[in-house]
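Those protein sequences? They're chains A and B, same order as listed. According to our numbering, the first sequence is numbered sequentially starting from 890. According to our numbering, the second sequence is numbered sequentially starting from 890. Worksheet: one structure, shown below.
There are 2 protein chains.
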Amino acid sequence: MSSAIADVALRAGVSKATASRALSGKGYVAEATRLRVIEAAQEIGYVASPNAASLVTGQTKNIGVVMPFINRWFFGEVLEGIESALLDRGYDMTLYNLHPGTADRQRVFEFFLARKRFEGIVLIGVEPSESEADQLVRLGVPLVGIGEPVTGIPFLSMDDRGAARRATEQLIALGHRHIWHIAGEGAEALDVSVPGKRYAGYLEAMAAGGLGDLCRVEVTEMSLPGGYDAAAHILSDATSRPTAVFAACDEIAIGTMIAARRLGLRVPGDLSIIGIDGHEYAEMFSLTTIEQRPRQQGHDAVTSLLDRIAGEPPPPAVIDVPARLVVRASTAALTTAAGAHLGVATA
Amino acid sequence: MSSAIADVALRAGVSKATASRALSGKGYVAEATRLRVIEAAQEIGYVASPNAASLVTGQTKNIGVVMPFINRWFFGEVLEGIESALLDRGYDMTLYNLHPGTADRQRVFEFFLARKRFEGIVLIGVEPSESEADQLVRLGVPLVGIGEPVTGIPFLSMDDRGAARRATEQLIALGHRHIWHIAGEGAEALDVSVPGKRYAGYLEAMAAGGLGDLCRVEVTEMSLPGGYDAAAHILSDATSRPTAVFAACDEIAIGTMIAARRLGLRVPGDLSIIGIDGHEYAEMFSLTTIEQRPRQQGHDAVTSLLDRIAGEPPPPAVIDVPARLVVRASTAALTTAAGAHLGVATA
DNA sequence: CTGAAAGCGCTTACAG
DNA sequence: CTGAAAGCGCTTACAG
């Protein structure tokens, strides 16, 4: 059933060496021979085994991808970008879902990634421990990170801190003063992880706007239900609730929006909401956000990796990816009504 | 850097053959020798190359997965289930995202899947054409489908038609008569694809309830925005709108719920909504639904595949997976108010 | 219980 | 331009 290159060679009346050269396009082969070999290959449906070839070439035509979640929008988008870029170049993608805090995680680093299957590895939203980073480097293949910074490994990321600053400034410019931040888990470690960077940007903008005293943060899971719960908590006290929320990501922002509506608050009339990410639902919810393009990031990570596999020098340690403010209807200038419970005066 | 079994053998003072036996646990090795070899392997951080081993054993320790979307809840869940089950068994997962209607699709079937990399293949929500099915079978490895039925290939699926019937019956039992269906794309081909099966179940239940004349369907993308748009359309005409909607999936149901609220309709006061799937957001939206467990399905598909790889006979052509009705607050008995615009009388 | 040899499917110097 | 030979890293009969 499944044919080997010897079958092709036999059928074309050449040696395996010649068949290999004809099929790979490397090395001299007479044009007529080349055509004959290719035809023979097609007739018997021959496709070379990259596993066998890798033994001698070292090229496995396979990239490893490691991420903590598959089923979250950002990660799914990145994954689609990676997959499609790899497909174009004839590469396979092997996916590992790191379940945080389990023995599986250790096994991925110690066993799966060490099986010499990959020409390169992409890490998405993964913070390797020191020993894990060690294991990665010892693999001797190019590495690239996305999103979460990884010491010693080049990574692509938006300027999370800058984006958070910009989002917060946008609310301040609209006249809001009681602006709360709903942050992602781990934000307490300021400026370290993605949530921490976004929290830091918020604090920075608030301080710069002379609103340092009004800062308040609520930490929650970076998901719709996470945002919903946090917002339900924050907004339930009618005497203290903010007039605007800067959410660490669009999922939290959307959860916040839904909670606000359930509580009878109008968005943006009673509450302005801004997020970060450019989630696929942002438009449907008329959400103002700082949009990034995770799919493009996946694509770019692959390009960078394959370039390095091809021998190019490593890229800079941090590759900044674009992000832009998209203003929709979830944010508006502060009205007297919105701030009334806080005694807010507007122009 | 990266070590081979010869290095382990040398260090342990045995032959490669003995080292191989000791490490794999196959064949006789003196206990003392075994320990010595394992220690040597650990010392130099040796992990066997499955690519090399596969050349002689035929076991690639790799499963191929083919799906049309990565970033949709159902598919993401299935994927997580597959990945985690494979990890447990020491297998890798190679993922192909079929972009419908592109040349990529052909390339996946003709080239990528034919590279002799996989011991088995999982197809999720994929309907192979006749020639594609041919190519798959010719691969000579076990295959299994999930969700979408595949002729000639065993597949796991919930009883989509039965679930749709049950969901519709639930609304009928609550006194609703004007029950519309918001279907997924392709539903017109009754009883073929998942949307078609769910549409068929709806028609069946309506007919059985003597409501055949009141059937109405709106087809849309199976996503939140898809449901939102369809519902906005259906519900905008206050004189004809239904008192209940059966949505083909939870994403559509949630989109419908959001649209309804925007239009000032209360759920379930003015409109009852039921979905299918058990989406992660269903609880947050208090959505009544028929819940299935896609993650478990991914897990079970892997078990079935690996069993067959191990030589067990193929499973039945259709493997029914469990689903159960979960009643939440998005459905309620028809009230006079809800049906007033239709002249509906209630008990 | 262990080792030498053959071989899995491929590619790559090396002769010719 | 082409083929014979060696070898990538592994495993598996086969002797001993």
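A virtual CB, placed ideally from N, CA and C, is assigned to each residue, including glycine.
Among the residues facing chain B, VAL936(A) is included, as its CB has a counterpart in that chain under 8 Å away. Excluding sequence positions up to five before and after ARG1130(B), its CB lies within less than 6 Å of the CB of LEU1124, all in the same chain and listed in chain order.
ARG1050(B) is classed as buried because its beta carbon has at least 16 other beta carbons within 10 Å across all chains shown.
At the C-beta level, VAL967(A) and ILE1010(A) stay beyond 8 Å of one another. For GLU1021(B), the uninterrupted alpha helix (DSSP H) segment begins and ends at 1019-1027. C-alpha of ARG978(B) to C-alpha of ALA906(B): approximately 25 Å in a straight line. Restricting attention to THR946(A), SER1219(A), SER1193(A) and ALA1218(A), the CA atom closest to the CA of PRO1031(A) is found in SER1193(A). Residues of chain B whose Cβ lies closer than 9 Å to the Cβ of ILE1141(A) do not exist, since the nearest Cβ in that chain is about 13 Å away. Sixteen is the threshold: when 16 or more other Cβ atoms of the shown chains lie within 10 Å of the Cβ of THR1178(B), as they do, the residue is buried. Its chain contains VAL967, GLY970 and ILE971 as the residues whose beta carbon lies nearer than 6 Å to that of GLY1187(B), once the 5 sequence neighbours on both sides are disregarded; these appear in chain order. For GLN948(B), there is no enclosing alpha helix (DSSP H), since its DSSP letter is neither H nor E. Interface with chain A (8 Å Cβ-Cβ cutoff): PHE998(B) is excluded. By the CB criterion at 8 Å, ALA1133(A) and SER1161(A) fall inside the cutoff.
By the rule that beta-carbons nearer than 8 Å mark a contact, MET1111(A) does not touch chain B. Within chain B, no residue has its beta carbon less than 9 Å from that of ALA895(A); the closest one is some 14 Å off. In this structure, ASN940(B) places its C-beta atom within 8 Å of the C-beta atom of ASN940(A). Around TRP962(B), the same chain offers HIS1168 as residues with beta carbons nearer than 6 Å, after the five sequence neighbours per side are excluded.
Annotation: the continuous beta strand (DSSP E) that includes VAL1134(B) extends over 1133-1136.
Considering only beta carbons, the part of the region 976-988 of chain B lying closer than 9 Å to chain A consists of LEU976, ASP977, GLY979, ASP981, MET982, THR983, LEU984, TYR985, ASN986 and HIS988, in chain order.
Against chain A, a Cβ distance below 9 Å from THR1145(B) picks out nothing, because the smallest value is about 12 Å.
The beta-bridge partner set that DSSP reports for SER1046(A) consists of ASP1209(A). If you look at ARG1130(A), you'll find it isn't in any beta strand (DSSP E); DSSP assigns it neither H nor E. With respect to PHE1044(A), GLY1029(A) sits apart: the two C-beta atoms are not nearer than 8 Å. DSSP places GLY970(A) in the helix class (H, G or I) of the three-state scheme. DSSP, reduced to helix, strand and coil, places GLU1107(A) within a strand of the structure shown. Annotation for VAL1039(A): no beta strand (DSSP E) segment contains it, and DSSP assigns it neither H nor E. Assigned with DSSP and collapsed to three states, ALA1072(B) falls in strand. Per DSSP, the beta bridge partners of MET982(B) are ILE952(B). Boundaries of the beta strand (DSSP E) around SER1161(B): 1161-1166.
In the three-state reduction of the DSSP assignment, GLY1098(A) falls in the coil class. Contacts with chain A at 8 Å (Cβ-Cβ) include PRO1114(B). In the three-state reduction of the DSSP assignment, THR922(A) falls in the helix class.
When the five nearest sequence neighbours on each side are left out, the beta carbons in the same chain lying within less than 7 Å of the beta carbon of GLY1036(B) are those of ILE1013, GLY1014, SER1046 and VAL1083, in order along the chain. At a cut-off of 8 Å between beta carbons, SER943(B) contacts chain A. The C-beta of GLU966(A) comes closer than 8 Å to at least one C-beta of chain B. In this structure, DSSP gives ILE1013(A) an extended state, which the three-state scheme calls strand.
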